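Take a look at the structure set out below.
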Amino acid sequence: MGMYRTYFTRISCSCFSLFFLCEYLIYYFVLIQCSWPVLDPRKADQTIEPKDSNQMVKVMLLADTHLLGPKHGHWFDKLRREWQMYRAFQTAMFLQKPDVVFILGDLFDEGQWCSPEEFNAYIDRFHSIFHVPAGTKLFVAVGNHDIGFHYKITPYLQKRFTDAFEAPPVRLITLEGSHFVLLNSMAMEGDGCFLCRPAEVLLSKISRRLKCTKNPSQCSKSISLSQYSRPILLQHFPLYRESDEDCNEPDEAPEDEKSQKFRERMECISRESTFSLLDMLKPRVSFGGHTHHGCHRYHTLSNTHEFTLPSFSWRNKNNPSYALAVFTPNNYEVSKCYMPQESTVIFLYFSGILMILIYAAFSYKFLCRRQRLFKVH
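Using the working numbering, the letters of the sequence shown map in sequence onto residues 500 to 876.
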């Protein structure tokens with residue numbers, strides 16, 4: 500009897516170890532390989548003099564978490580994806596310890612359709628999964644799945660999300676002399692609607708404040724910022740591009756999708772809005788999401804690097820990732836951190852289960868043989 504107890508104990512421990520590896524330890528094994536990028540002094544903007552008090556800001560950026568709602572998605576799919584995102588995010592918090600986290604839209608999958616009660620449940624789940632420790636700030640931009648595309652947005656949906664996450668159409672956040680502009684991409688329609696017109700006014704004010712800070716002799720000090728630096732643009736949609744054809748990243752779109760033409764205001768903001776933003780703000784770097792695939796582009800007219808972040812959810816991407824960036828007023832650097840691939844986890848499960856079954860079969864055969872020998876003697 501004792502031999503069988505030992506046999507079942509070993510099988511149980513093997514199953515638990517496999518589960519613990521695939522659902523917990525793998526995140527540490529993979530994400531510990533990520534590190535913060537190092538600033539290159541040669542890339543510093545020599546026209547901007549940072550203050551001695553300025554500290555480097557460590558920023559984590561991700562997009563398209565798509566928490567499933569009550570209408571679509573199987574309960575196990577919801578449980579699985581949310582556990583994966585929870586473990587990846589909390590492991591990143593423990594290992595990388597960012598100063599700030601930006602989540603760039605499509606927090607929810609059914610935000611535009613859910614009832615007030617369902618939306619409140621969404622908020623609780625979001626803060627449970629993406630809880631940040633004391634000392635780390637969390638900001639979000641709104642996405643089309645949160646409140647709808649431009650033509651479906653109502654004042655109620657806009658206000659509901661804004662009140663829940665302090666996410667107005669345009670927001671300026673200054674951290675250690677670096678200016679971050681969070682933008683509602685759906686407010687870039689340019690039709691003067693209840694959402695677009697206030698966003699245009701706010702962007703104009705921010706543009707003027709930046710120009711006044713850069714050239715203080717031309718403006719009143721009352722509207723100037725504490726110091727000038729080229730801003731960082733953050734929104735859900737990418738800037739205008741025809742397609743993903745020129746994107747060459749490990750997490751880029753599949754080849755059959757890369758050549759598909761983007762529709763302005765649907766897959767990216769319009770050409771006019773893009774030129775307007777680049778002209779008004781002259782951002783040094785722009786971050787977006789929405790396409791669920793990675794991309795890096797360079798806009799020569801404004802000297803702006805653009806990074807499109809892939810979806811943070813394994814439901815949309817086998818190899819999800821997030822960005823790690825460091826900023827000072829006159830310099831920045833960006834790197835990408837790749838999370839465990841779901842195909843790797845599935846392979847580990849199949850391999851581990853196969854090995855456990857083989858071990859169980861041979862061990863059981865050995866036990867039966869020993870039992871027969873004991874009976875003979």
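All residues carry an ideal CB built from backbone N, CA and C; glycine is no exception. These numbers come from a predicted model, not from an experiment.
Of the listed residues the options, nearest to residue i (C-alpha basis)
| i | options | result |
| --- | --- | --- |
| L733 | E805, R586 and Y526 | E805 |
| D623 | S772, G568 and K636 | G568 |
| Q545 | Y727, D576 and S785 | Y727 |
| P632 | K542, D598 and Y739 | D598 |
| G604 | N830, A824, S850 and G788 | G788 |
| K835 | S842, T827, F826 and S820 | S820 |
| F826 | T505, F528, I531 and W535 | W535 |
| Q611 | F660, F575, R579 and Q589 | F660 |
| D662 | G676, A640 and K651 | A640 |
| L594 | L823, S850 and L853 | L823 |
| Y837 | Y506, T590, R509 and C512 | T590 |
| M584 | H630, V558 and E675 | H630 |
| D551 | F618, P828 and R868 | P828 |
| Y523 | N714, P715 and R579 | R579 |
| I855 | R504, C514 and Y506 | C514 |
| K570 | I652, S614, L538 and Q554 | S614 |
| M555 | S721, V537, A562 and D755 | V537 |
| F736 | D576, F849, G647 and T653 | G647 |
The alpha helix (DSSP H) enclosing residue i, as first and last residue numbers
| i | result |
| --- | --- |
| Q554 | First-last for Q554: undefined, no H or E at that position. |
| E771 | R770 to L780 |
| R696 | C695 to K713 |
| L520 | Segment: none, L520 is in no alpha helix (DSSP H) and carries neither H nor E. |
| T661 | P654 to F664 |
| E763 | Here E763 belongs to no alpha helix (DSSP H), and DSSP marks it neither H nor E. |
Cβ neighbours of residue i in the same chain (closer than 7 Å, five flanking residues each side left out)
| i | result |
| --- | --- |
| Q889 | Since the first residue shown for the chain is 500 and the last is 876, residue 889 is missing from the structure and cannot be characterised. |
| K781 | R729 and S801 |
| Q759 | S742 |
| P697 | P668 |
| R740 | F761, C767 and R796 |
| L702 | V669 and M779 |
| L560 | F601, L603, F786, L808, Y821, A822 and A824 |
| L671 | H678, V680 and I705 |
| A686 | P668, L694, C695 and A698 |
| I510 | I855 and A859 |
Buried or exposed (CB count within 10 angstroms, at least 16 for buried), residue i
| i | result |
| --- | --- |
| G642 | buried |
| Q548 | Checking the sequence shown, residue 548 turns out to be Glu, not Gln. By the neighbour-count rule (16 or more Cβ atoms within 10 Å), E548 is not buried but exposed. |
| G691 | exposed |
| L566 | buried |
| P749 | exposed |
| H626 | exposed |
| L814 | Reading off the sequence, residue 814 comes out as Arg, not Leu. The residue in question, R814, is buried, as its Cβ has 16 or more Cβ neighbours within 10 Å. |
| H777 | Note on residue identity: the sequence assigns Leu, not His, to residue 777. Answer is buried; the Cβ neighbour count reaches 16. |
| A860 | exposed |
| D608 | buried |
| I852 | exposed |
| L606 | buried |
| F865 | exposed |
| Y621 | buried |
| R504 | exposed |
| V700 | exposed |
Cβ neighbours of residue i in the same chain (closer than 6 Å, five flanking residues each side left out)
| i | result |
| --- | --- |
| L709 | none |
| E771 | none |
| H792 | E751, A752 and P809 |
| R586 | Y526 |
| F638 | F601 |
| K757 | D743 and E744 |
| L724 | R708 and T712 |
Cβ-heavy atom distance, residue i to the ligand PLP, below 7 Å
| i | result |
| --- | --- |
| I722 | Within the structure as shown, the ligand PLP is missing, as the structure has no ligands at all. |
Proximal residues to residue i (C-beta, below 8 Å), its chain only, five neighbours per side dropped
| i | result |
| --- | --- |
| Y797 | T803, H804 and E805 |
| T635 | M592, K596, P597, D598, V599 and V600 |
| V875 | Because V875 carries a pLDDT of 49, less than 50, the predicted location of this residue cannot be relied on, and the following value inherits that uncertainty. Excluding residues within five positions, none has a Cβ falling inside 8 Å. |
| L847 | L517, L520, C521 and I525 |
Residue i, enclosing beta strand (DSSP E) - first and last residue
| i | result |
| --- | --- |
| L530 | Looking at the DSSP string, L530 is not in any beta strand (DSSP E); the run it does join, the alpha helix (DSSP H), is I525 to L530. |
| F679 | S677 to L682 |
Curious, which full-length alpha helix (DSSP H) runs of at least 4 residues does the stretch 604 to 645 contain?
615 to 628
Please give the ranges of any alpha helix (DSSP H) in the stretch 532 to 587, keeping only runs that are unbroken, at least 4 residues long and fully inside the region.
none
My parser needs the beta strand (DSSP E) runs of 3 or more residues fully inside the stretch 723 to 751; what are they?
731 to 734
Going along the chain, which unbroken runs of the beta strand (DSSP E) with 3 or more residues stay wholly within the stretch 774 to 830?
784 to 787, 794 to 798, 803 to 807 and 820 to 827
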